[in-house]
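These protein sequences, in sequence, are chains Z and P. What the first sequence shows, in my numbering, is residues 204 to 357, in sequence order. What the second sequence shows, in my numbering, is residues 204 to 357, in sequence order. Think of the CB as a built atom: it goes at the ideal place given N, C-alpha and C, for glycine as much as any other residue. Please read these numbers as outputs of a predicted model, since none were measured by experiment. Here the structure is laid out as structure tokens; the discussion comes afterwards.
Number of protein chains: 2
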Amino acid sequence: MKVSMKTDYAFRVLFTLVEHYQRGPIPIRELARRNEVPKRFLEQIMLEMKAKGWVASIMGKQGGYVLSKSPDKITAGAVIRHFYGVLAPIGCVSVIQYEPCSQEPVCRFRRLFLDVRNHAARLMDSATLDSIYQGKPVRQEEVFNMELTGGAGI
Amino acid sequence: MKVSMKTDYAFRVLFTLVEHYQRGPIPIRELARRNEVPKRFLEQIMLEMKAKGWVASIMGKQGGYVLSKSPDKITAGAVIRHFYGVLAPIGCVSVIQYEPCSQEPVCRFRRLFLDVRNHAARLMDSATLDSIYQGKPVRQEEVFNMELTGGAGI
DNA sequence: ACTATTCCTATTGAACCTATAGGGTTAATC
DNA sequence: GATTAACCCTATAGGTTCAATAGGAATAGT
Numbered sequence: 204m205k206v207s208m209k210t211d212y213a214f215r216v217l218f219t220l221v222e223h224y225q226r227g228p229i230p231i232r233e234l235a236r237r238n239e240v241p242k243r244f245l246e247q248i249m250l251e252m253k254a255k256g257w258v259a260s261i262m263g264k265q266g267g268y269v270l271s272k273s274p275d276k277i278t279a280g281a282v283i284r285h286f287y288g289v290l291a292p293i294g295c296v297s298v299i300q301y302e303p304c305s306q307e308p309v310c311r312f313r314r315l316f317l318d319v320r321n322h323a324a325r326l327m328d329s330a331t332l333d334s335i336y337q338g339k340p341v342r343q344e345e346v347f348n349m350e351l352t353g354g355a356g357i
Numbered sequence: 204m205k206v207s208m209k210t211d212y213a214f215r216v217l218f219t220l221v222e223h224y225q226r227g228p229i230p231i232r233e234l235a236r237r238n239e240v241p242k243r244f245l246e247q248i249m250l251e252m253k254a255k256g257w258v259a260s261i262m263g264k265q266g267g268y269v270l271s272k273s274p275d276k277i278t279a280g281a282v283i284r285h286f287y288g289v290l291a292p293i294g295c296v297s298v299i300q301y302e303p304c305s306q307e308p309v310c311r312f313r314r315l316f317l318d319v320r321n322h323a324a325r326l327m328d329s330a331t332l333d334s335i336y337q338g339k340p341v342r343q344e345e346v347f348n349m350e351l352t353g354g355a356g357i
């Protein structure tokens with residue numbers, strides 16, 4: 204998959220807004236500073252998120268951004284799908300961006316990609332900003348433990 | 204993830220070689236024709252696969268490529284990891300290409316990406332060319348069925 | 001010698017990603 | 001009503017990666 208910086212930045216900022224849910228707007232300057240995101244770049248990201256209806260803006264002095272939906276109504280899948288475009292590893296197993304392939308009738312590895320896509324989709328779409336926010340941050344040691352206990356290196 | 208064309212082409216050709224396992228070499232020209240891969244591009248791919256020890260070459264006239272390992276000894280994970288580089292959705296959950304991130308101590312969505320990575324790794328590394336070859340090709344209808352039965356669009 | 005093949009390196013063209021830039025609009029505050 | 005601090009919009013630059021093409025060298029069967 205390899206998620207883009209835009210997706211990463213979007214998530215960072217969304218969680219800052221979750222923390223301040225219903226406690227007034229936060230200006231881009233502050234969102235950028237806290238999450239180490241280039242301010243000008245973040246402007247574009249915020250406009251996109253506004254268009255998606257995830258955040259609302261208050262213009263003028265003392266303005267800023269607020270979360271415009273309840274944190275349990277925004278899924279990680281929606282965010283990733285918007286900023287990254289598609290989660291399917293290959294076009295022929297994508298539902299929203301299906302691409303025909305001449306090899307389909309004889310293709311042998313499609314099943315595998317379909318399984319990966321389905322699991323990713325299920326996880327991403329059942330995770331909301333709220334449920335993620337409740338969960339504990341993951342430390343790097345757990346990644347290595349995973350490796351030692353059977354997970355393969357990736 | 205969005206696997207590269209190189210990965211796609213590599214898989215196509217590998218399965219052609221599986222079909223002909225222990226039945227003599229197949230020239231690139233033929234591999235390219237059958238799998239609709241640009242011949243010159245395939246040359247590079249074959250050289251990489253040779254370096255990885257998956258295929259062997261017979262030079263000169265009547266030459267070509269053969270699978271050099273048993274089909275149950277080559278995993279989909281190995282192929283994807285070589286041609287795509289990394290399956291982890293984000294550097295901070297990658298074992299083989301870990302990238303530090305200043306946000307790690309406060310990051311809330313890492314767990315999700317870690318889960319996606321782990322499941323993908325498990326599937327990819329337990330699937331061999333042989334096991335995939337035994338399975339039936341997947342038709343597009345199944346993808347849409349998945350959509351209707353709860354899988355989200357991706 | 002001829003021919004069909006693999007081998008190696010370079011380069012091109014396109015697309016995408018990240019970020020920056022310039023200037024316009026809105027509204028609170030003094 | 002001027003000032004100021006914020007959002008809004010479009011364009012574009014610089015870098016990287018991907019996909020493919022190109023030219024030719026090495027190898028070996030006939």
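Setting aside the 5 residues that flank it on each side, I261 of chain Z is surrounded in the same chain by P228, G267, Y268, V269, each with a C-beta closer than 8 Å to its C-beta; the list follows chain order.
With respect to the 8 Å criterion, V216 of chain P and Y336 of chain P are not classified as neighbours on the basis of their beta carbons.
Here DSSP, grouped into helix, strand and coil, assigns V258 of chain P to strand. Within the same chain, S207, K209, T210, A213 come within 7 Å of F286 of chain Z by CB-CB distance, once the 5 residues on both sides are set aside.
Closest in alpha carbon position to R325 of chain P, among Z:R325, Z:Y301, Z:K253, Z:D318, is Z:D318. Distance from the Cα of R232 of chain Z is smallest, within the candidate group Z:R226, Z:R243, Z:R313, for Z:R243. Under the 8 Å criterion on CB atoms, D318 of chain Z is classed as interfacial with respect to chain P. Proximity of K255 of chain Z to chain P, defined by a Cβ-Cβ separation below 8 Å, is not satisfied.
Within its own chain, the residues whose Cβ lies closer than 8 Å to the Cβ of E246 of chain Z, once the five positions on either side in sequence are excluded, are I231, listed in chain order. Taken through DSSP and simplified to helix, strand or coil, I229 of chain P comes out as strand. Under the three-state reduction of DSSP, V221 of chain P is assigned to helix. Ranked by how close their Cα comes to the Cα of I293 of chain P, the residues P:K272, P:N321, P:T278, P:G280 have P:N321 in first place. Between S271 of chain P and W257 of chain P the beta-carbon gap is near 7 Å, inside 8 Å, which marks them as a contact. Proximity of chain P to A235 of chain Z at the Cβ level (cut-off 7 Å) is not reached, the minimal Cβ distance being about 13 Å. Short of 8 Å from the beta carbon of C310 of chain P, and not among the five residues preceding or following it, lie these beta carbons of its own chain, in chain order: C295, C304. Straight-line measurement puts the Cα of Q306 of chain P at about 23 Å from the Cα of E251 of chain Z. Residues of the same chain with a CB within less than 8 Å of the CB of K255 of chain Z, apart from the 5 flanking positions on each side, are A281, H285 in chain order.
When the five nearest sequence neighbours on each side are left out, the beta carbons in the same chain lying within less than 8 Å of the beta carbon of K276 of chain P are those of T331, in order along the chain. Your pair R236 of chain Z and G338 of chain P does not check out as a contact, with CB atoms roughly 51 Å apart and the cut at 8 Å. Taking 7 Å as the cut-off between beta carbons, the residues of the region 205-218 of chain P near chain Z are K205, V206, D211, F214, R215, F218, in sequence order. The straight-line gap separating the alpha-carbon atoms of P308 of chain Z and Y301 of chain Z is approximately 15 Å. Judged by DSSP secondary structure, V319 of chain P falls within the alpha helix (DSSP H) whose first and last residues are 313-329. In terms of beta-carbon proximity, Y336 of chain P lines the interface with chain Z, with at least one pair separated by less than 8 Å.
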